[in-house]
(Lines of atoms letter the chains of each structure in order from A and count residues from 1; the text may use other names and numbers.)
(Lines give C-alpha, C1' and ligand atoms only; values in the text may rest on other atoms or scores of the structure.)
Protein backbone atom coordinates (compact mmCIF):
# COMPACT_ATOMS: atom_id res chain seq x y z
CA UNK A 1 0.00 0.00 0.00
CA UNK A 2 1.53 3.25 -1.09
CA UNK A 3 1.81 6.18 1.25
CA UNK A 4 -0.77 8.94 1.05
CA UNK A 5 0.77 11.87 -0.77
CA UNK A 6 1.57 14.91 1.36
CA UNK A 7 -0.60 17.94 0.66
CA UNK A 8 1.04 21.17 -0.43
CA UNK A 9 1.65 23.41 2.61
CA UNK A 10 -0.17 26.37 1.04
CA UNK A 11 -3.29 24.52 -0.08
CA UNK A 12 -6.46 26.49 0.68
CA UNK A 13 -9.03 25.05 3.04
CA UNK A 14 -11.41 22.58 1.39
CA UNK A 15 -14.80 24.29 0.89
CA UNK A 16 -16.64 21.66 2.94
CA UNK A 17 -14.42 22.48 5.94
CA UNK A 18 -15.17 26.19 5.57
CA UNK A 19 -18.91 25.44 5.50
CA UNK A 20 -18.72 23.27 8.62
CA UNK A 21 -16.60 25.86 10.43
CA UNK A 22 -19.11 28.59 9.55
CA UNK A 23 -22.03 26.41 10.67
CA UNK A 24 -20.40 26.07 14.08
CA UNK A 25 -19.20 29.66 14.38
CA UNK A 26 -22.18 31.67 13.11
CA UNK A 27 -24.71 30.55 15.77
CA UNK A 28 -22.11 31.25 18.45
CA UNK A 29 -21.51 34.76 17.14
CA UNK A 30 -25.28 35.36 17.23
CA UNK A 31 -25.51 34.10 20.81
CA UNK A 32 -22.55 36.27 21.83
CA UNK A 33 -23.98 39.42 20.25
CA UNK A 34 -27.36 38.70 21.80
CA UNK A 35 -25.80 38.16 25.21
CA UNK A 36 -24.03 41.50 24.93
CA UNK A 37 -27.33 43.17 24.14
CA UNK A 38 -26.23 44.30 20.67
CA UNK A 39 -29.01 42.43 18.86
CA UNK A 40 -32.35 40.90 19.73
CA UNK A 41 -33.21 42.93 22.78
CA UNK A 42 -33.84 41.37 26.22
CA UNK A 43 -35.12 38.13 24.69
CA UNK A 44 -31.67 37.42 23.20
CA UNK A 45 -30.36 36.33 26.59
CA UNK A 46 -32.42 33.15 26.29
CA UNK A 47 -31.46 32.32 22.72
CA UNK A 48 -28.78 29.78 23.66
CA UNK A 49 -31.06 27.90 26.06
CA UNK A 50 -33.84 27.94 23.49
CA UNK A 51 -31.49 26.57 20.82
CA UNK A 52 -30.32 23.79 23.13
CA UNK A 53 -33.92 22.77 23.82
CA UNK A 54 -34.83 22.93 20.13
CA UNK A 55 -31.74 21.40 18.54
CA UNK A 56 -29.86 19.48 21.24
CA UNK A 57 -29.98 15.69 21.25
CA UNK A 58 -31.91 13.95 24.01
CA UNK A 59 -31.25 10.31 24.74
CA UNK A 60 -34.60 10.11 26.52
CA UNK A 61 -36.50 11.37 23.47
CA UNK A 62 -34.59 8.95 21.25
CA UNK A 63 -35.37 6.04 23.58
CA UNK A 64 -39.05 7.01 23.50
CA UNK A 65 -39.09 7.03 19.70
CA UNK A 66 -37.41 3.62 19.56
CA UNK A 67 -39.76 2.13 22.16
CA UNK A 68 -42.87 3.47 20.43
CA UNK A 69 -41.59 3.18 16.85
CA UNK A 70 -42.65 6.77 16.24
CA UNK A 71 -40.06 8.81 14.36
CA UNK A 72 -41.15 12.42 14.75
CA UNK A 73 -39.23 14.51 12.16
CA UNK A 74 -38.75 17.42 14.57
CA UNK A 75 -37.08 15.04 17.02
CA UNK A 76 -35.16 13.00 14.46
CA UNK A 77 -33.43 16.14 13.20
CA UNK A 78 -31.74 16.42 16.59
CA UNK A 79 -29.45 13.58 15.48
CA UNK A 80 -27.85 16.03 13.04
CA UNK A 81 -28.44 19.46 14.60
CA UNK A 82 -26.82 19.14 18.03
CA UNK A 83 -23.21 19.82 16.87
CA UNK A 84 -24.15 23.39 15.98
CA UNK A 85 -25.21 24.44 19.48
CA UNK A 86 -22.68 24.75 22.31
CA UNK A 87 -22.81 25.37 26.01
CA UNK A 88 -20.45 28.35 25.80
CA UNK A 89 -18.39 30.48 23.44
CA UNK A 90 -15.16 28.81 24.61
CA UNK A 91 -16.55 25.34 23.94
CA UNK A 92 -17.57 26.37 20.44
CA UNK A 93 -14.14 27.88 19.70
CA UNK A 94 -12.28 24.69 20.61
CA UNK A 95 -14.69 22.50 18.64
CA UNK A 96 -14.46 24.80 15.61
CA UNK A 97 -10.65 24.86 15.71
CA UNK A 98 -10.42 21.05 15.90
CA UNK A 99 -12.89 20.74 13.03
CA UNK A 100 -10.92 23.24 10.98
CA UNK A 101 -7.52 21.61 11.58
CA UNK A 102 -8.56 17.97 11.29
CA UNK A 103 -10.98 18.65 8.46
CA UNK A 104 -8.23 20.32 6.45
CA UNK A 105 -5.91 17.33 6.84
CA UNK A 106 -8.55 14.73 6.09
CA UNK A 107 -10.02 16.75 3.23
CA UNK A 108 -6.69 17.26 1.50
CA UNK A 109 -5.67 13.63 1.76
CA UNK A 110 -8.85 11.54 1.62
CA UNK A 111 -11.22 14.07 0.07
CA UNK A 112 -14.03 16.50 0.79
CA UNK A 113 -16.73 13.85 0.56
CA UNK A 114 -14.89 11.90 3.24
CA UNK A 115 -14.94 14.95 5.52
CA UNK A 116 -18.70 15.32 5.14
CA UNK A 117 -19.35 11.59 5.61
CA UNK A 118 -17.12 11.40 8.68
CA UNK A 119 -18.54 14.58 10.23
CA UNK A 120 -22.21 13.73 9.86
CA UNK A 121 -21.75 9.98 10.23
CA UNK A 122 -19.90 10.51 13.51
CA UNK A 123 -22.63 12.92 14.60
CA UNK A 124 -25.38 10.34 14.17
CA UNK A 125 -23.38 7.34 15.39
CA UNK A 126 -22.20 9.14 18.52
CA UNK A 127 -25.72 10.23 19.41
CA UNK A 128 -27.12 6.72 18.99
CA UNK A 129 -24.32 5.23 21.12
CA UNK A 130 -24.91 7.93 23.74
CA UNK A 131 -28.61 7.09 23.88
CA UNK A 132 -28.21 3.31 23.83
CA UNK A 133 -25.38 2.96 26.36
CA UNK A 134 -26.44 5.64 28.81
CA UNK A 135 -29.57 6.66 30.64
CA UNK A 136 -28.52 10.28 30.85
CA UNK A 137 -31.13 13.07 30.91
CA UNK A 138 -28.53 15.69 29.95
CA UNK A 139 -28.68 17.20 26.47
CA UNK A 140 -25.92 16.13 24.10
CA UNK A 141 -24.71 19.29 22.36
CA UNK A 142 -21.58 20.56 20.68
CA UNK A 143 -19.41 19.56 17.72
CA UNK A 144 -16.97 17.45 19.70
CA UNK A 145 -18.29 14.02 18.58
CA UNK A 146 -17.88 14.84 14.85
CA UNK A 147 -14.62 16.69 15.58
CA UNK A 148 -13.35 13.53 17.26
CA UNK A 149 -14.57 11.65 14.20
CA UNK A 150 -12.23 13.78 12.09
CA UNK A 151 -9.48 13.02 14.61
CA UNK A 152 -10.24 9.36 13.88
CA UNK A 153 -9.69 10.07 10.19
CA UNK A 154 -6.43 11.83 10.96
CA UNK A 155 -5.34 8.90 13.14
CA UNK A 156 -5.98 6.48 10.29
CA UNK A 157 -3.84 8.60 7.97
CA UNK A 158 -1.02 8.69 10.52
CA UNK A 159 -1.37 4.96 11.25
CA UNK A 160 -0.97 4.27 7.55
CA UNK A 161 1.99 6.60 7.17
CA UNK A 162 3.83 5.00 10.07
CA UNK A 163 3.52 1.55 8.49
CA UNK A 164 6.93 0.21 7.58
CA UNK A 165 8.80 3.25 8.91
CA UNK A 166 10.21 1.45 11.92
CA UNK A 167 8.30 3.75 14.25
CA UNK A 168 5.51 2.41 16.42
CA UNK A 169 2.12 2.73 14.78
CA UNK A 170 0.63 3.35 18.20
CA UNK A 171 1.91 6.91 17.81
CA UNK A 172 -0.97 7.49 15.40
CA UNK A 173 -3.28 7.39 18.42
CA UNK A 174 -1.28 9.80 20.56
CA UNK A 175 -3.66 12.71 19.87
CA UNK A 176 -6.82 10.88 20.91
CA UNK A 177 -5.00 9.42 23.93
CA UNK A 178 -3.90 12.89 24.99
CA UNK A 179 -7.38 14.37 24.60
CA UNK A 180 -9.03 11.53 26.49
CA UNK A 181 -6.39 11.85 29.19
CA UNK A 182 -7.07 15.56 29.52
CA UNK A 183 -10.80 14.88 29.83
CA UNK A 184 -10.12 12.31 32.53
CA UNK A 185 -7.88 14.74 34.39
CA UNK A 186 -10.40 17.54 34.10
CA UNK A 187 -13.08 15.18 35.38
CA UNK A 188 -11.19 14.97 38.68
CA UNK A 189 -11.80 18.67 39.28
CA UNK A 190 -15.17 19.20 37.61
CA UNK A 191 -18.27 17.31 36.56
CA UNK A 192 -17.75 16.92 32.81
CA UNK A 193 -20.72 14.58 32.33
CA UNK A 194 -20.90 11.65 29.94
CA UNK A 195 -20.19 13.51 26.71
CA UNK A 196 -16.87 11.69 26.45
CA UNK A 197 -18.80 8.53 25.51
CA UNK A 198 -20.14 10.29 22.40
CA UNK A 199 -16.70 11.76 21.67
CA UNK A 200 -15.07 8.33 21.75
CA UNK A 201 -17.86 6.84 19.61
CA UNK A 202 -17.27 9.61 17.09
CA UNK A 203 -13.57 8.80 17.00
CA UNK A 204 -14.16 5.12 16.30
CA UNK A 205 -16.64 5.92 13.55
CA UNK A 206 -14.20 8.34 11.95
CA UNK A 207 -11.38 5.81 11.99
CA UNK A 208 -13.56 3.03 10.60
CA UNK A 209 -15.12 5.24 7.94
CA UNK A 210 -11.67 6.36 6.81
CA UNK A 211 -10.74 2.76 6.10
CA UNK A 212 -13.64 2.55 3.65
CA UNK A 213 -13.27 6.06 2.21
CA UNK A 214 -9.50 6.16 1.68
CA UNK A 215 -8.10 5.14 -1.73
CA UNK A 216 -8.09 1.35 -1.93
CA UNK A 217 -10.41 0.98 1.03
CA UNK A 218 -10.45 -2.29 2.93
CA UNK A 219 -8.11 -4.06 0.50
CA UNK A 220 -5.18 -1.82 1.33
CA UNK A 221 -6.13 -1.76 5.00
CA UNK A 222 -6.00 -5.56 5.19
CA UNK A 223 -2.70 -5.60 3.26
CA UNK A 224 -1.23 -3.22 5.82
CA UNK A 225 -2.40 -5.43 8.67
CA UNK A 226 -0.82 -8.49 7.07
CA UNK A 227 2.50 -6.72 6.76
CA UNK A 228 2.40 -6.13 10.46
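Numbering (the working numbering), first residue to last: 60 to 287. Here a beta-carbon is modelled for each residue, glycine too, at the ideal position from N, C-alpha and C.
Our contact map puts residue i next to residue j with C-beta atoms below 8 Å; I'd like the distance itself, whole angstroms only.
| i | j | result |
| --- | --- | --- |
| residue 256 | residue 193 | 6 Å |
| residue 118 | residue 190 | 4 Å |
| residue 167 | residue 74 | Actually they are not in contact, since the Cβ atoms of residue 167 and residue 74 sit about 12 Å apart, beyond 8 Å. |
Taking all protein chains shown into account, do 16 or more other C-beta atoms lie within 10 angstroms of the C-beta of residue i, making it buried, or fewer, making it exposed?
| i | result |
| --- | --- |
| residue 61 | With a pLDDT of 45 at residue 61, under the threshold of 50, the predicted position of this residue should be treated as unreliable, and no value is reported. |
| residue 102 | exposed |
| residue 137 | buried |
| residue 218 | buried |
| residue 172 | exposed |
| residue 298 | Past the edges of the chain, shown from 60 to 287, lies residue 298, and the structure says nothing about it. |
| residue 198 | buried |
| residue 132 | exposed |
Check whether the Cβ atoms of residue i and residue j lie closer than 9 Å to each other.
| i | j | result |
| --- | --- | --- |
| residue 165 | residue 269 | yes |
| residue 185 | residue 260 | yes |
| residue 254 | residue 212 | no |
| residue 216 | residue 160 | no |
| residue 79 | residue 201 | no |
| residue 105 | residue 140 | no |
| residue 239 | residue 258 | yes |
Would you mind reading off the limits of the alpha helix (DSSP H) that contains residue i?
| i | result |
| --- | --- |
| residue 218 | 203-220 |
| residue 123 | 118-127 |
| residue 255 | 254-272 |
| residue 230 | Run containing residue 230: none; DSSP gives neither H nor E here. |
### Message
Closer than 8 Å is the cut-off here; do at least three beta carbon pairs connect the region 75-95 with the region 150-167?
### Response
yes
### Message
Whether or not the region 164-183 and the region 192-210 are in contact is what I'm after, with contact meaning three or more pairs of Cβ atoms, one per stretch, closer than 8 Å; do they touch?
### Response
yes
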